[in-house]
Every structure is written in C-alpha cells, then in structure tokens.
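Accompanying notes for the structure given below.
Residue numbers (the UniProt record's numbering): 1 to 333.
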C-alpha cells in the first residue's frame with residue numbers, strides 16, 4: 001500500500017470519528033443497567049436456587065464485556081464529544097469492570113501506538129516472542145514463556161491475574177495522577193465488594209460475581225488474543241513499521257454471529273478500531289462496510305479462531321506465526 005492510498009484510507013474513515021449522544025445514551029441503558037440488574041437478580045434468586053445465581057452471573061459476563069467496551073471507548077475519548085463526560089463514565093464503567101481508568105488508558109494508548117512494532121512491544125500486549133528471541137532465551141525464560149502461552153494459564157489463570165493483581169498495581173513510571181486514580185479505584189473496589197460480601201455472605205456473592213468476573217475476563221482475554229494472533233499477522237522492526245499497515249494487516253476482523261457481535265460491542269471490527277481509535281464502537285461496522293479497502297483485512301470466523309491457539313512464535317523471515325512443534329522440527333540440534 002503506497003503513501004497516497006494509506007492517506008486516502010485514513011481520510012475515508014474520518015467521517016465516522018464522531019460520537020452520537022443519543023446512541024451513546026441508548027448504549028448505556030441497554031448495557032450498564034442490564035449488567036447491574038443481572039447481578040442484583042442473581043443475588044436475590046440465590047435462596048431459590050444457587051444455580052439460578054450462577055446463570056445470572058454467566059449471562060452478566062457478556063454484559064461485562066459490553067460495559068468494558070464502553071469503558072474502552074471512553075479511554076479513547078470516542079464515546080462522548082465532551083472530554084469530562086468520557087472521564088466520568090470511564091471511571092464508573094472502569095469500576096464496574098475492575099479496570100482503573102488512568103492506568104489502563106495510558107497502557108492501551110501505548111498499545112495502539114506500538115502494535116505490530118517488534119522493537120516496542122510489551123506494553124498493553126500479550127507476551128509474544130520471535131524465533132530469534134526464543135532461540136536466545138535462557139531455559140528458564142523459555143519455560144516461563146511456554147507456560148504463559150499455555151491456554152490454561154492464559155485463559156483460566158489469566159483473568160484472575162489481570163483483574164486482581166495486574167489491575168491493582170501501578171507501573172513504576174506512572175505519574176501521580178495515574179497512581180492516585182488507581183489507589184481510589186482499588187479502595188472503592190475493596191469497600192464495595194467487602195461490604196457486599198459482609199451483607200450477602202461469601203457464597204451468595206461469589207455465586208454471582210465469580211461467573212461474572214471469570215467468564216467475562218476469559219472472554220475479554222480471548223478477544224484481545226485473537227485480534228492480534230493469527231497466522232500472517234503484521235509485525236515489523238521499527239525502521240519498517242507502518243501505522244496503517246499495522247492496523248489493517250496486524251488486526252483481524254473477527255466475524256461473529258450477530259448476537260455475539262452485539263454482546264462484544266462490535267470489537268470484532270478490530271482492524272477498523274486500530275486504524276481509527278476515535279470511531280465509537282457503534283460505528284465500526286458501518287465504517288467497515290462502507291470502506292472497500294477494509295474488506296481485505298484478515299477475516300476470522302469462530303471455527304478458524306480456535307486454530308490460533310497453536311501459534312506461539314513469530315517468524316520474522318516468513319512473516320507469520322509458527323508452533324512450538326514447528327520450531328523444534330526446524331531448529332532441533
């Protein structure tokens with residue numbers, strides 16, 4: 001893609017970089033309110049049957065994903081036109097989803113600015129090694145990487161680590177504004193969750209919030225994983241890296257059934273989002289449909305997405321992911 005075509009593509013999606021107050025309010029009503037109501041209902045039906053509470057929590061997990069997408073848009077300043085409104089709702093939705101606003105906003109903006117850049121990966125990304133990095137790694141580093149990329153660690157232990165450990169800590173270089181925001185967020189979570197556990201009892205509380213947070217966290221990590229881990233995903237060194245190519249060729253179009261597309265806040269149109277983070281989630285599909293060059297992005301369906309679990313290392317020479325088995329076959333001594 002030459003320079004003029006890339007400029008034209010950026011220009012083509014510019015009209016969709018606009019929030020629409022009515023749609024944003026409707027999305028709050030059909031997302032945050034059902035999310036809270038499902039949790040409350042789960043608590044209330046526990047005396048009838050704990051299974052009903054678990055069902056409410058599991059359904060609530062999908063609304064946690066939609067709530068997170070609202071939080072995500074607020075971090076990009078795309079949900080409302082007003083910066084202050086984005087910040088207020090971002091902190092509220094961040095509390096509901098257990099993501100501190102300032103901390104995650106900085107990390108995610110860094111992810112957008114460096115996605116696909118092999119020399120700047122590491123912030124807001126899933127840990128990914130190239131073949132050369134893996135070859136030069138110590139046995140312990142290899143063990144840690146293989147453990148990290150194992151589905152059980154990534155999708156079962158991962159949500160627990162992300163929500164209750166990683167999201168609770170500030171980065172060493174975080175400024176006071178970000179640090180204080182995380183501290184306030186953590187205190188609010190401890191107070192509210194602690195009070196609910198005290199009033200409702202641990203069994204009632206975790207029968208609802210356990211599925212909400214675990215299933216929601218698992219789905220969230222999976223969506224982020226599949227959006228940047230597919231066979232021929234774009235990665236380049238700093239000298240060759242290009243923002244537009246990284247967006248269109250390094251982010252997938254995850255084609256989902258309409259219900260799941262709605263429940264996941266259209267984030268499957270991830271190539272559009274990376275090309276223009278200021279497009280609110282409810283305009284991503286329209287931007288994709290009405291911009292023909294975007295139709296050439298890598299499209300992945302539910303069945304194909306499961307194959308991505310085998311991709312572990314990035315091959316810089318052949319521009320694609322390989323499995324550990326393939327690495328062993330090619331480089332075994």
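All C-beta atoms, glycine included, are put in the ideal place defined by N, C-alpha and C. Just so we're clear, the structure is a prediction, and the values are computed from it rather than from any experiment.
Considering only the beta carbon of each residue, do residue 234 and residue 246 sit closer than 8 Å? yes
Given residue 218, which residues of its chain have a CB within under 6 Å of its CB, disregarding the five upstream and five downstream residues? The residues are 155 and 159.
Where does residue 315 fall in DSSP's three states? strand
Is the distance from the Cβ of residue 79 to the Cβ of residue 97 below 8 Å? Going by C-beta atoms, residue 79 is not nearer than 8 Å to residue 97.
Quick check on the DSSP output: the alpha helix (DSSP H) that includes residue 210 runs from which residue to which? 202-228
Taking the alpha helix (DSSP H) that residue 324 falls in, what are its first and last residues? 324-331
With respect to the alpha helix (DSSP H) encompassing residue 144, which residues constitute its N-terminal and C-terminal limits? Residue 144 -> alpha helix (DSSP H) spans 139-148.
Does the beta carbon of residue 315 sit closer than 8 Å to a beta carbon anywhere in chain E? In the structure shown, chain E cannot be found, because there is only a single protein chain.
Should residue 54 be counted as a contact of the ligand NAD given a C-beta to heavy atom distance under 7 Å? This structure lacks the ligand NAD, and indeed carries no ligand of any kind.
Nearest-angstrom Cα separation, counted from residue 188 out to residue 5: Going by the C-alpha atoms only, they are around 48 Å apart.
I'd like the list of long-range same chain contacts for residue 100, defined as Cβ closer than 7 Å, with 5 residues on each side in sequence excluded. 94, 167, 181, 182 and 185
Tell me the start and end of each unbroken alpha helix (DSSP H) in the region 90-115 that is at least 4 residues and wholly inside, in chain order. The qualifying runs are 101-114.
Could you spell out where the alpha helix (DSSP H) holding residue 304 opens and where it closes? 302-306
Quick one: is residue 127 buried, meaning 16 or more other Cβ sit within 10 Å of its Cβ, or exposed? exposed
Can you tell me whether residue 169 is helix, strand or coil according to DSSP? coil
Looking at residue 207: is its Cβ nearer than 8 Å to the Cβ of residue 308? no
Neighbourhood of residue 83 by C-beta distance below 8 Å, restricted to the same chain and skipping five residues each side: 77
Using the beta-carbon count (16 or more within 10 Å), is residue 198 buried or exposed? exposed
Using the C-alpha atoms, what's the distance from residue 297 back to residue 248? 6 Å
Would you identify the three-state DSSP class for residue 362, choosing helix, strand or coil? Nothing can be reported for residue 362, as the shown portion of the chain is limited to 1 through 333.
Per DSSP, residue 320 is paired with what? 315
I need the straight-line Cα distance from residue 324 to residue 292, nearest angstrom please. Approximately 36 Å, taken between the alpha carbons.
Express the C-alpha separation of residue 209 and residue 32 in angstroms, rounding to a whole number. 15 Å
Do the CB positions of residue 195 and residue 205 come within less than 8 Å of each other? The Cβ atoms of residue 195 and residue 205 lie no closer than 8 Å to each other.
Does DSSP classify residue 154 as helix, strand or coil? helix
Range covered by the alpha helix (DSSP H) that runs through residue 247: 243-250
I'd like to check one pair, residue 230 with residue 165: are the Cβ atoms closer than 8 Å? no
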